[in-house]
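Chemist: Heads up: the sequence shown begins at 20 in my numbering, then just goes up one per residue.
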Amino acid sequence: MDMLLVKRAQKGDTEAFIQLIENHKISLYKAAKSYLKNEDDVADVMQDTILSAFEHMEELKSVRYFKTWITRILINQCNDLLRQRKRCVLVEWAGDTQASAPENDRGFYELLEELPENCRTIFLLYYGEGFHTKEIAQILEMNENTVKSRLKRGRKKLEQVLCF
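1. At which residues does the alpha helix (DSSP H) containing L93 begin and terminate?
2. Please state the DSSP three-state secondary structure of N162.
3. Between the stretch 58 to 70 and the stretch 86 to 100, can you find at least three pairs of beta-carbon atoms closer than 8 Å?
4. Enumerate, from N- to C-terminal direction, the unbroken alpha helix (DSSP H) stretches of 4 or more residues contained entirely within the stretch 133 to 161.
5. Drop a sphere of 10 angstroms on the beta-carbon of R169, count the other beta-carbons inside from all chains shown, and report buried for 16 or more, exposed for fewer.
6. So the candidates are A62, S81, A28; which of them puts its Cα closest to the Cα of K49?
7. Under 7 Å Cβ to Cβ from A28, same chain only, skipping five residues before and after it: list those, please.
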């Protein structure tokens with residue numbers, strides 16, 4: 020279904036593009052929230068991501084990678100905002116994030132807080148959004164083996180937390 024919508028959106032169908040964004044807005048929100056603490060910043064980054072994706076839709080080479088492509092745009096927007104504010108690392112989850120998260124996701128977010136900062140986004144993309152390690156490596160512009168090792172380290176950390 021998404022592939023058809025992407026093809027239509029690439030041909031200028033704004034309704035198809037709107038539907039694509041609707042299909043992926045929660046995933047994009049979660050990824051942005053893993054980088055940014057402030058809801059206003061998340062909203063700004065989401066808006067900038069949607070605008071950029073709309074303007075560059077024809078540049079997407081493979082329609083089946085739409086989700087990876089738009090997530091990469093979002094993460095670039097997050098990094099740009101953080102650079103502008105001279106922040107160097109991922110920020111901690113805000114306390115109100117869990118309150119605004121759906122009930123069935125709160126435990127997941129609580130576990131994310133236990134992870135080192137360099138593992139949180141990887142865990143969110145892998146377990147929360149279903150990306151494969153190769154896709155995460157592309158999105159975060161890092162080596163796939165780095166993604167795998169951070170997943171392994173994160174699992175060990177969570178095992179320690181859950182066993183006590």
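Just so you know, even glycine gets a beta-carbon here, dropped at the ideal spot from N, CA and C.
Modeler: With the structure as the only source:
1. It spans 85 to 103 - the alpha helix (DSSP H) in which L93 sits, taken as one unbroken run.
2. Correct three-state label for N162: coil.
3. Verdict: yes, contact present.
4. Inside the stretch 133 to 161, DSSP marks whole alpha helix (DSSP H) runs of 4 or more residues at positions 136 to 142, 152 to 159, from first to last along the chain.
5. Buried: at least 16 other Cβ atoms inside 10 Å.
6. For K49, the closest C-alpha among the options A62, S81, A28 is that of A62.
7. Counting only residues of its own chain and dropping the five nearest sequence neighbours on each side, A28 has a CB closer than 7 Å to the CB of A35, F36, L39, M76.
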